[in-house]
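Engineer:
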Amino acid sequence: MTDDFNTYEDSKRAEAYAGLEFPGTYYLAYRDLPEIITEHAKGKKAIDFGCGTGRSTRFLRKLGFDGIGVDISEDMLSKAGEIDPEGQYHLVDDGDLSREQSNTYDLALSVFTFDNIPTFEKKVKIFRELARLIKSDGRIVSLVSSPEIYKHEWASFTTKDFPENKQAKSGDIVKIIMKDVEDKRPVEDIIWSHESYQDIYAEVGLQILAKYEPLGKEDESYDWLNETTIAPWVIYVLEQSG
Ligand SMILES: C[S@@+](CC[C@H](N)C(=O)[O-])C[C@H]1O[C@@H](n2cnc3c(N)ncnc32)[C@H](O)[C@@H]1O
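Just add 54 to wherever you are in the sequence shown, counting from 1, and you've got the working numbering.
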């Protein structure tokens, strides 16, 4: 696998993503975040790592955070700027956060970004940077796809054309198609198990304070497929250990 893997460096995909707010299965990613963030973050200064077209950064602002968004993709960031001209969005080189000061943020949020960061070494390097940027009582909230998302059918995703996903191991490329956008080309992600994330956190000196796996509820107005019994997303709340 190449080290500069980024499926979002693409203007057509950026366009499709910019139109997405919180449809279907995405609703479950964001549904519980306000409560989780309010419970764990102690202040209001935030960095949104892998902000894409700014959906997660705008979401933070609605929660009252003073947040900046950073991303590796110019295409995604230019959409973020169009949608939210007042927002602060910065281009970064592949996980290079060296322009950001240490010990600054109450919250480092990352929504789906680590699904696109290919190797153990690179994930470790970026988590080290995020750990450096948060204050000593700061929190990292990282939302990632669960390995199960690549193996089942969902309100917002299909994976039936990719049976090879079922055999994939941490670090392998897996494919998934988004049903809510016109661009039906498969998105390529990197699958990563809970055990492999634990290895990363241990290497960086991060402790899991909480882990959430939101499930759909029968009374929600979505046509859930597997969402009520299998969690498509995993949300980690992390703090510096020791
Ligand atoms: C699936 S999008 C999610 C965007 C946003 N967080 C949201 O919830 O809508 C993932 C984003 O991570 C960005 N990304 C991937 N690798 C990155 C890296 N090494 N450094 C910064 N951003 C990265 C991609 O460019 C993409 O915009």
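Heads up, the beta-carbon is just placed ideally off N, CA and C, and yes, glycines get one too.
Cutting at 6 Å between CB atoms, please list the residues of its own chain near residue 228, excluding the five before and the five after it.
Structural biologist: As a working mapping, residue 228 is identified with position 174 in the sequence shown. So the list reads 204, 219, 222, 243 and 245, once near-sequence residues are dropped.
Engineer: On the criterion of 16 or more Cβ atoms from any shown chain inside 10 Å, does residue 209 qualify as buried, or is it exposed?
Structural biologist: Stepping through the sequence shown from its first residue, residue 209 is reached at position 155. Buried, by the Cβ-count rule.
Engineer: If you follow the alpha helix (DSSP H) that residue 90 is part of, which residue opens it and which one closes it?
Structural biologist: Numbered from its first residue, the sequence shown carries residue 90 at position 36. Here the alpha helix (DSSP H) through residue 90 covers 87 to 94.
Engineer: Could you check whether residue 114 and residue 102 sit closer than 8 Å to each other, using their CB atoms as the reference points?
Structural biologist: For this step, residue 102 is matched to residue 48 along the sequence shown. For this step, residue 114 is matched to residue 60 along the sequence shown. A contact, by the Cβ cut-off of 8 Å.
Engineer: Checking 8 Å against the spacing of the C-beta atoms, do residue 265 and residue 160 come in under that value?
Structural biologist: The count along the sequence shown starts at 1 and reaches residue 265 at position 211. The count along the sequence shown starts at 1 and reaches residue 160 at position 106. No, these two residues do not count as a Cβ contact at 8 Å.
Engineer: Give the DSSP-derived three-state secondary structure of residue 276 in the structure shown.
Structural biologist: Here residue 276 corresponds to residue number 222 of the sequence shown, with the count starting at 1. Looking at residue 276 - three-state DSSP - the assignment turns out to be coil, as it is neither helix nor strand.
Engineer: Please check the pair residue 124 and residue 163, which I expect to be a contact at CB under 8 Å, by giving their CB distance rounded to whole angstroms.
Structural biologist: Against the sequence shown, residue 124 aligns to sequence position 70. Against the sequence shown, residue 163 aligns to sequence position 109. Contact doesn't hold; Cβ gap of about 11 Å is too wide.
Engineer: Check each candidate in 187, 154 and 231 and name the one with the smallest Cα separation from residue 207.
Structural biologist: Here residue 207 corresponds to residue number 153 of the sequence shown, with the count starting at 1. Checking every option, the nearest Cα to that of residue 207 belongs to 231.
Engineer: Closest to residue 200 by CA distance: which of 136, 111, 294 and 251 is it?
Structural biologist: Position 146 of the sequence shown, counting from 1, holds the residue named residue 200. That would be 251, whose Cα lies nearest to the Cα of residue 200.
Engineer: In whole angstroms, what separates the C-alpha of residue 31 from that of residue 156?
Structural biologist: Any property of residue 31 remains undetermined from this structure, which presents the chain solely from 55 to 296.
Engineer: Just to confirm, are residue 181 and residue 291 a CB contact at a threshold of 8 Å?
Structural biologist: Residue numbering aside, residue 181 sits at position 127 when the sequence shown is read from its first letter. Residue numbering aside, residue 291 sits at position 237 when the sequence shown is read from its first letter. The answer is no: Cβ separation not under 8 Å.
Engineer: Drop a sphere of 10 angstroms on the beta-carbon of residue 193, count the other beta-carbons inside from all chains shown, and report buried for 16 or more, exposed for fewer.
Structural biologist: For the purposes of this step, residue 193 is taken as residue 139 along the sequence shown, with counting starting at 1. It counts as buried.
Engineer: Tell me whether residue 134 is buried or exposed, calling it buried when 16 or more other Cβ atoms sit within 10 Å of its Cβ.
Structural biologist: As a position in the sequence shown, residue 134 is number 80, starting the count at 1. Buried, by the Cβ-count rule.
Engineer: Taking 7 Å as the cut-off, is the CB of residue 167 close to at least one heavy atom of ligand 1?
Structural biologist: Translated into positions along the sequence shown, residue 167 becomes position 113. At least one heavy atom of ligand 1 is nearer than 7 Å to the Cβ of residue 167, so yes.
Engineer: Based on the DSSP secondary-structure assignment, which residues constitute the bridge partners of residue 162?
Structural biologist: Counted from its first residue, the sequence shown places residue 162 at position 108. Answer is 101 and 194.
Engineer: Over the uninterrupted alpha helix (DSSP H) stretch that includes residue 252, give me the two end residues.
Structural biologist: On the sequence shown, residue 252 is found 198 positions in, with the first residue counted as 1. From DSSP, the alpha helix (DSSP H) with residue 252 extends over 248 to 258.
Engineer: Within the present structure, is the beta-carbon of residue 125 separated from the nearest heavy atom of ligand 1 by less than 7 Å?
Structural biologist: Translated into positions along the sequence shown, residue 125 becomes position 71. Yes, since a heavy atom of ligand 1 falls inside the 7 Å radius drawn around the Cβ of residue 125.
Engineer: Using only the heavy atoms of ligand 1, determine whether one of them is closer than 7 Å to the beta carbon of residue 250.
Structural biologist: Within the sequence shown, residue 250 is the residue found at index 196, counting from 1. For ligand 1, not one heavy atom lies less than 7 Å from the Cβ of residue 250.
Engineer: Residue 282 to residue 153, Cα distance in whole Å?
Structural biologist: For the purposes of this step, residue 282 is identified with residue 228 of the sequence shown, where counting begins at 1. For the purposes of this step, residue 153 is identified with residue 99 of the sequence shown, where counting begins at 1. Going by the C-alpha atoms only, they are around 42 Å apart.
Engineer: In whole angstroms, give me the CA-to-CA distance for residue 144 and residue 151.
Structural biologist: Position 90 of the sequence shown holds residue 144. Position 97 of the sequence shown holds residue 151. Distance between the alpha carbons of residue 144 and residue 151: 10 Å.
Engineer: Take residue 276 and list the residues in its own chain whose beta-carbon comes closer than 7 Å to its own, dropping the five residues that flank it on each side.
Structural biologist: What you label residue 276 is simply residue 222 of the sequence shown in a count that begins at 1. The residues are 78, 81, 209 and 270.
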